[in-house]
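Q: The numbering of the sequence shown is full-length UniProt numbering, which starts it at 1 and goes up by one. Note that the Cβ used here is the ideal one computed from N, Cα and C, for glycine as well. What you are looking at is a predicted structure, and each value in this text was computed from that prediction instead of being measured.
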Amino acid sequence: MLVAGSAAYEAAVEEFHAHGPMEFHDLAINAFLEMKKTDPSISLGHDSPFLERATKHAIKRLARKPSEEFELKKIDLVGGSGEKESDRVLELPSPEGKDSSLTAAMNAQTGNQLMTLHESRAHAVAFNEDIGLGAISKTGALPMGSEGEWLALAESKLKKDADLDYQSKLWELGNEVAENLQVQRGGLNITHEEELLTKMETWFKAGGGKLNYVKPIISKESGFQVLATEDMNGGDAFVSVPMKLIMCRQTARNVLIANRGKYLGEELQKTFDKNEMWGMTIFLLHEYYKEMNGKGSKWGPFIRTLRMRSLTTPVLQEIKGTIAGHMTAQWTKSCDAFMWWSVGIDGPCSPTTGICKTKPLERAGESRFNIHQIRWAYWIVKQNAIRVKQMSTGLEFIALIPYYNMVDKRLGAGGGVTFDLDGSISLRTGKVHEEAAPVGIHPGNMSDSEFFLRYFKVPTLPNPHTEIKLSLPGVIPKGSKFHYCLKGTSKERNQDDCKASYRSESMFWKSKVLTEWRQMMNLPPRMQELRMWATRLHLYGGKEEMALLSSANRVIAGLPLPVDQMPAEEQLMLLGVARDSAEAALIAAGPVTGSTGEAPPPPQLYSAPDPEEDPEAQRGMENLALLAVQAQNVISSGNAILNATQAVLNQTRDFFVHGVLPAAGLDDLDNFLLKKIGMLAHCGFENDMKIVTNNVTDELMCAMRVHLMNESEVHVFCPKEARVWEDACTNVEFMNFTAISEFNELNVVNALRNSVHGLLASYPHTREQDARILRDVESGVSTAGPVLTAAVKLRAREKDILLSALDFLADHEAAVKNGSVPFQLAMKAQERVDADIRAEEHKLFMEQIQARAALRPSLAQIEVDMGADRPKANLTLEEGRDIKRTVQLFCQEHNIKAGFEAKLEAALKERVVSPTPLLLMMGAIISTGDRKILAIPEGSNSTVETGVFCAKYDSSKNPVDSDWCRALMKRVDERLNTSFQRRILLVVPIDAPDSRKLKLVIREGEQHDLMQFVQDFFELYHMPMESVSMMANEVNKRLPGVVTQVPVGINPRRSVTARFSMNDNITAVVEAFANFYELDSTVKVAIMQRARYNMAPGTFMV
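(1) Determine the direct distance from the alpha carbon of residue 1019 to that of residue 1026, and round the result to whole angstroms.
(2) Have a look at 371, 370, 369, 352 and flag the residue whose alpha-carbon is nearest the alpha-carbon of residue 1103.
(3) Roughly how many whole angstroms lie between the Cα atoms of residue 1041 and residue 1059?
(4) Just confirm the distance between the C-beta atoms of residue 651 and residue 527, as a whole number of angstroms; I'd bet it's less than 8 Å.
(5) By Cβ distance below 6 Å, which residues in the same chain neighbour residue 379 in space, the five residues on each side in sequence not counted?
(6) In the DSSP assignment, the alpha helix (DSSP H) including residue 707 goes from what residue to what residue?
(7) Go to residue 272, then tell me how far its beta strand (DSSP E) extends in each direction, as first and last residue.
(8) Alpha carbon to alpha carbon, how far is residue 946 from residue 936? Give it in angstroms, no decimals.
(9) Look up residue 828 in the DSSP assignment and say whether it is helix, strand or coil.
(10) The beta strand (DSSP E) with residue 937 in it runs from where to where?
(11) Check the C-beta distance from residue 207 over to residue 245 and give it rounded, since I have them as a contact under 8 Å.
(12) Identify the continuous beta strand (DSSP E) that holds residue 397 and give its terminal residues.
(13) Between which two residues does the beta strand (DSSP E) harbouring residue 419 extend?
(14) Express the C-alpha separation of residue 865 and residue 548 in angstroms, rounding to a whole number.
(15) Is residue 401 buried or exposed, if buried means 16 or more other CB atoms sit within 10 Å of its CB?
(16) Return helix, strand or coil for residue 718, following the three-state DSSP convention.
(17) Roughly how many angstroms separate the alpha carbons of residue 142 and residue 533, rounded to a whole number?
(18) For the 8 Å Cβ check, are there 3 or more pairs between the segment 259–273 and the segment 422–438?
(19) Since residue 921 sits in a beta bridge, which residues does DSSP pair it with?
(20) Secondary structure at residue 20, three-state DSSP: helix, strand or coil?
(21) Reducing DSSP to helix, strand and coil, say where residue 1100 ends up.
(22) According to DSSP, simplified to helix, strand and coil, what is residue 733?
(23) Kindly indicate which three-state DSSP category residue 408 falls into: helix, strand or coil?
(24) Note down the Cα distance separating residue 460 from residue 441, rounded to an integer number of angstroms.
(25) On the three-state DSSP scale, how would you describe residue 800?
(26) Does the count of Cβ pairs from the segment 679–687 and the segment 697–709 closer than 8 Å reach three?
(27) Figure out for me which residue from 699, 987, 622, 148 has the closest Cα to the Cα of residue 124.
(28) Grab the span of the beta strand (DSSP E) containing residue 218 for me, first residue to last.
(29) Quick check on residue 229: does DSSP put it in helix, strand or coil?
(30) If you measure between the beta carbons of residue 312 and residue 14, is that distance less than 8 Å?
(31) Using the three-state DSSP reduction, which class does residue 1054 fall into: helix, strand or coil?
(32) Looking only at its chain, what residues have a beta carbon closer than 8 Å to the beta carbon of residue 898, apart from the 5 residues adjacent to it on each side?
(33) Please determine if the segment 858–872 and the segment 980–993 are in contact, where contact requires at least 3 C-beta pairs separated by less than 8 Å.
(34) For the beta strand (DSSP E) containing residue 1066, list its first residue and its last residue.
(35) With DSSP collapsed to three states, give me the class of residue 41.
(36) For residue 1090, count neighbouring Cβ atoms within 10 angstroms of its own Cβ and tell me buried if that reaches 16, exposed if not.
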């Protein structure tokens, strides 16, 4: 530990620079060649001492965790020896980017509530031994033995995952060499840097740039600076830059790619859309290599002055445990993620684009950038770019602006970047500057951590934008549409940004979250993962079993992702197509049965492949071992209080011990966590989960409440049997910023308090030590450099925020206990009871509708006595059938004398019930493309009648709740509940051939296309279509005479003539016409104008 006054706190070189993308790589290779001269046996192999040196340096620079963190630990059994190998466990690390102290604190709130620590650990030891002697180990998929031999596989997997790849190790070695060279040199090469600066100034002025009242300088003590050459006022433009001299997305549009004839901006559009930082990274590298290995770049002199700045290792050690320490690793990982994306299908680096060439004049050669190049350019953009906003258009973009990297950055100093009327960009002061003073401007709002990593200093005054962000599983990224793209309404899911690749990304995110959540929160492994690795090891399924899977192809073809990336069953459940794993399996494979109709036998367990022959087999075995460790951690911690957890844990044991293949799709715990993910969507985004001075954000409190909710609390909002996308999970509103219950809220307070204490303990120095160091620097006792001093200030400010959070939590805990905090659980529990009652009523309603839809009643039926020696027969009159002809055919079939026909006809007529006149008749196109007639009788319930219609003609699983049926109900409501009166214009009595007495009712709005209206009426009552024309003419005669007509185009091929009669209320006629044909207000006004003009010729009309 460093202490004030020690040599480590004396002023020294605190940063070093990389001048080119491959500098660290070349330094590492040269160091290796020098070492090889003295030791020819040394190599660059995986176990090389040279590369081991890189690993040690990476640990010092916070780029890798020490190997000790991935070694097995013995379980210390109370009253036991704990000496056996089977008494070992392996503590799983948190996934990258997740806060281990917070999750550890939450686990402490939920674990060991059902059994003692001794009992939990005894069960864990027994589970360890069971796995070593279980069915999966007997197949060869895990090493056999009762002493925990299989644990070595998991340990090996963790260490390999944590290890750096070859290029990253070279990066660390080159980093170490560059740092040592800079320290030996005592800092910058001033002569070289001044020469580059002079050339850039010449280029800058030749391009139309201007330096006003300032002079750029460089020194070993202060580095690059811009000094005032005279007194300056606030708002003075000291640098004016034409747009063409700035590197940004807009100027990339004018860069022609060598040998391609295409422009760089166009080719980088997808990259800029994905991540503007990534787009600028490629832009910078493209221009760098044009300058160095091509015909030159128009930004060449500017690019040559840009440096990647790195903190020296002693300074970096000072921010260990801080947000900045975590952030530097995250930035590096973002670079690496981008490198792999850049060579993918949407990435810019492919042989066809010609963008990522290190030798742009050659048609062949390397067409991708490596880790060294991407990291170098990414860090330069991070440290030197600024976000520019054009106020008149609202356009925002990241830009590299000449001389901005040399200007002092001061939060709250005012000034910044402005657009000028001539299209140039200016750097302006915010305050008065005296002559010879360094010029400083406000670089934009950011936290102390980001400010430090960008500019190697911290703001002078307390920064209101500094916060401690905590990362929780299940909280969605900023701006994400994952939730509504998967589980939103039909309209939301059909939006363009929810289709194609975004839908696939949404599913990947949910699947990844379910895995990470269970790893972080000490929950058993996903059954889908066990099944996947077992399948890849060929533990199940011979030719017959695999043949059963072939029928799934028809389903697989329509899924967003290939099944080798995510199993079909899991996709079906995430999409909401299947409610559970059984239904998902049925959809994917079909109802497969044996030859005699019985269910197929369970899959046969086979032996695993030899890992020495198949590297993929070794990978599968390591992953199975790691999943077994995850289950062992659950048992060891006693974290099995959830019913879903216990159920999945039992299935995990059955798999490893008895070889029972887990079911495909989502398991019980997946479904439970998906409900929590749905609730977390109401809490906010990842960047909202933070601790600030004297406060914990509402968003973080909300997320913590959801994470610590037990099953009974979750089921108040989403019932146990319901799935997250069903109405039952949305009809009780979750009040996101209101406490759940006293028990839950106190758990939240305790978890956050323990997390804060964990974060404070993770710092290598205490707050008191930081204060002593800063006092020594201020008093001159210590000569620590400005960057190291800034690092100490940074971590001290973080601790102050955490300590203030403890005060906030203490006050909140007191408020909870004294009854000042309202809780929503009791109120929501009553809402759930009410919702369940409504759900039961809705279920009954649905059953009644389904029953009515299934009925196909006849008009009338009588039982005819055929005589003593003959059985009775039923005479049935079907709807639309001529009653006389029906009786005649019956008599002929049964040899009944003609004299009885009149008697039988009269008997039938007595039983025929004429229908009630219609309130509404409307055509509807069903899923098959056919047109059917929906009829709403007078005095009936329109919702019920529409529901029956939907049940008849919608083939979906829940037809009444389908989007099509809801839209139809909405349209029916629009037709019935109008702003105008649907007065009856005409009633025409009709004697149907089947003897019914029908009434054709014409209401306002239905009189304009009589042929279609009468045709629909005849179709509805199954009357002969040849009579439609005659009936339409008759109706036309009986309606009031037409005074004027207005032809209206409904679509390019169809028009309807609006008819107007004397004494008509023109407004009501037009309103009804527009309502009937769904016309917008513009068309409605046009019809109104024309009708009024025609009814009163000579009226002025524009």
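A: The structure says:
(1) 11 Å
(2) Lying outside 1 to 1102, the shown extent of the chain, residue 1103 is not represented and no answer is given.
(3) About 9 Å.
(4) 6 Å
(5) 308
(6) 698–707
(7) From DSSP, residue 272 is part of no beta strand (DSSP E) but of the alpha helix (DSSP H) over 269–274.
(8) 8 Å
(9) helix
(10) 931–937
(11) Confirmed, about 5 Å.
(12) In the DSSP assignment, residue 397 falls within the beta strand (DSSP E) that extends over 395–400.
(13) 416–419
(14) Only weak support is given to the placement of residue 548: the predicted model assigns it a pLDDT of 47, under 50, and the question is left unresolved by the model.
(15) Residue burial annotation: residue 401 is buried, with at least 16 other C-beta atoms found within 10 angstroms of its C-beta.
(16) Residue 718 falls in the coil class under three-state DSSP.
(17) The C-alpha of residue 533 is placed about 12 Å away from the C-alpha of residue 142.
(18) no
(19) 935
(20) coil
(21) The three-state reading of DSSP puts residue 1100 in coil, since its state is none of H, G, I, E or B.
(22) coil
(23) The answer is strand: DSSP assigns residue 408 an E or B state.
(24) 13 Å
(25) helix
(26) At 8 Å Cβ cutoff, the stretches touch.
(27) 148
(28) 214–219
(29) coil
(30) Contact flag set, yes.
(31) strand
(32) So the qualifying residues of the chain are 891.
(33) no
(34) Residue 1066 -> not in any beta strand (DSSP E); alpha helix (DSSP H) instead, spanning 1066–1077.
(35) coil
(36) Its Cβ being crowded by 16 or more others within 10 Å, residue 1090 is buried.
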